[in-house]
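Residue numbers (the working numbering): 23 to 320. See below for the structure under consideration.
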């Protein structure tokens, strides 16, 4: 069962469910909507068929009434905390990931909350966050409970062999809105399988190819930066693997931007290993859809 969504075109959409992480995500989304100059739309998804279990038809009505009351309280609070921001909300019956992916068709960006980072960070990204980040039709931000104001530069991961043009553009746009710079991070990525045992000619050829790729990356960064005068940019090289390098550079004070390959929708797994690694460990990650024809490892 599903209901027609009423998402204002170009709105920042955030999924809410009454949990602390969704409350924090909604607060962050409201700040983001003010930065973007767009409406904020809260989407409360009552999971089908869970709300319809049992023989009492009043159960579903009671659950929906409670959700609508909670949603109205959040809309009122966020409106009061963000003067001038248009805040709307909707309760719908669906699967959370399905509804949020559908909402992404008309949203400027979708925001979803995730549990806070613990000592062991691997399993803490929820299934809804992962599905929405992987399958949305547009940008998605996954934020942790402990996310703050993020005063640091926007950090974007870059593969020299596949410069992330789409991610770079959105990273610069976010940086301009926030009044911060951009830090482009290149980790230690693809290595030649033959290593030290490879012929000198093969290693020299690889070195030339990598140097050409690095130069192309610098050119792409410079081209995008030229569209955003006043936004400082730095290109950082790290000996760590890409996901590690990105998370290390971002810390707890930077928004991270990564790319996701493939088409939006619920068919296929579209997140690469770097994007997955960053999502599991960073406090705020903006996932950007890139063209399906691209072949990078983001």
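We treat Cβ as the ideally placed atom computed from N, Cα and C, and that holds for glycine.
(request) Give the straight-line distance between the Cα atoms of residue 37 and residue 296, rounded to the nearest whole angstrom. (result) Within the chain shown, residue 37 is the residue found at index 15, counting from 1. Within the chain shown, residue 296 is the residue found at index 274, counting from 1. Answer to the nearest angstrom: the Cα atoms are 25 angstroms apart.
(message) As a quick exercise: from 201, 34, 306 and 280, pick the residue whose alpha carbon is nearest that of residue 255.
(response) Start at 1 with the first residue of the chain shown, and residue 255 comes out as number 233. The candidate whose alpha carbon is nearest that of residue 255 is 201.
(request) Could you tell me how far apart the beta carbons of residue 209 and residue 266 are, in whole angstroms, since I believe they sit closer than 8 angstroms? (result) The residue you call residue 209 lines up with position 187 of the chain shown. The residue you call residue 266 lines up with position 244 of the chain shown. Right, the Cβ-Cβ distance comes to about 7 angstroms (below 8 angstroms), so this counts as a contact.
(message) Bridge partners for residue 112 per DSSP, in chain order?
(response) Numbered from its first residue, the chain shown carries residue 112 at position 90. Answer is 65.
(message) With H, G and I counted as helix, E and B as strand and the rest as coil, what does DSSP make of residue 39?
(response) Locating residue 39 in the chain shown gives position 17, where the first residue counts as 1. Residue 39 falls in the coil class under three-state DSSP.
(request) Determine the direct distance from the alpha carbon of residue 223 to that of residue 33, and round the result to whole angstroms. (result) Stepping through the chain shown from its first residue, residue 33 is reached at position 11. Stepping through the chain shown from its first residue, residue 223 is reached at position 201. Roughly 54 angstroms between the two C-alpha positions.
(request) Can you tell me which of the three DSSP states residue 29 falls into? (result) The residue given as residue 29 occupies position 7 in the chain shown. Coil at residue 29, not helix or strand.
(request) Could you tell me whether the Cβ atoms of residue 257 and residue 308 are closer together than 8 angstroms? (result) By one-based count along the chain shown, residue 257 stands at place 235. By one-based count along the chain shown, residue 308 stands at place 286. Going by C-beta atoms, residue 257 is not nearer than 8 angstroms to residue 308.
(message) My output table needs one value for residue 190: the three-state DSSP class, helix, strand or coil.
(response) By one-based count along the chain shown, residue 190 stands at place 168. Residue 190 falls in the helix class under three-state DSSP.
(request) Classify residue 214 as helix, strand or coil using the three-state DSSP reduction. (result) As a first step, residue 214 must be located in the chain shown, where it is residue number 192. Legend: pLDDT at residue 214 = 44, less than 50; position of this residue unreliable, value from coordinates given subsequently. Coil at residue 214, not helix or strand.
(request) Look up residue 254 in the DSSP assignment and say whether it is helix, strand or coil. (result) As a position in the chain shown, residue 254 is number 232, starting the count at 1. Of the three classes helix, strand and coil, the one that applies to residue 254 here is coil, per DSSP.
(request) Just mark residue 105 as buried or exposed, buried being the case when its beta carbon has 16 or more other beta carbons within 10 Å. (result) Reading the chain shown from its first residue, position 83 is the one you call residue 105. Its Cβ having fewer than 16 others within 10 Å, residue 105 is exposed.
(request) Consult DSSP for residue 285 and reduce its assignment to one of helix, strand or coil. (result) As a position in the chain shown, residue 285 is number 263, starting the count at 1. Residue placement at residue 285 is poorly supported in this model, since its pLDDT is 44, which falls under 50; the coordinates still yield a value, given next. Coil, per DSSP.
(request) Output the distance between the C-alpha atoms of residue 52 and residue 62, rounded to the nearest integer angstrom. (result) Taking the first residue of the chain shown as position 1, residue 52 is located at position 30. Taking the first residue of the chain shown as position 1, residue 62 is located at position 40. Roughly 6 angstroms between the two C-alpha positions.
(message) For residue 186 and residue 41, what's the separation of their Cα atoms in angstroms?
(response) What you label residue 186 is simply residue 164 of the chain shown in a count that begins at 1. What you label residue 41 is simply residue 19 of the chain shown in a count that begins at 1. Each residue's alpha carbon lies about 34 angstroms from the other.
(request) Just the C-alpha distance for residue 47 and residue 311, rounded to the nearest angstrom, thanks. (result) Counting from one through the chain shown, the residue named residue 47 turns up at place 25. Counting from one through the chain shown, the residue named residue 311 turns up at place 289. Rounded to whole angstroms, residue 47 to residue 311 spans 21 angstroms at the Cα level.
(request) Please work out which residues of its chain come closer than 8 angstroms, Cβ to Cβ, to residue 182, disregarding the five sequence neighbours upstream and downstream, and give them in chain order. (result) Within the chain shown, numbered from 1, the residue matching residue 182 stands at position 160. Cβ neighbours of residue 182 beyond the five flanking positions: 208, 211, 232, 235, 236, 238 and 239.
(request) Provide the residue(s) that pair with residue 179 in DSSP beta bridges, ordered along the chain. (result) On the chain shown, residue 179 is found 157 positions in, with the first residue counted as 1. The partner list for residue 179 (beta bridge, DSSP) reads 207.
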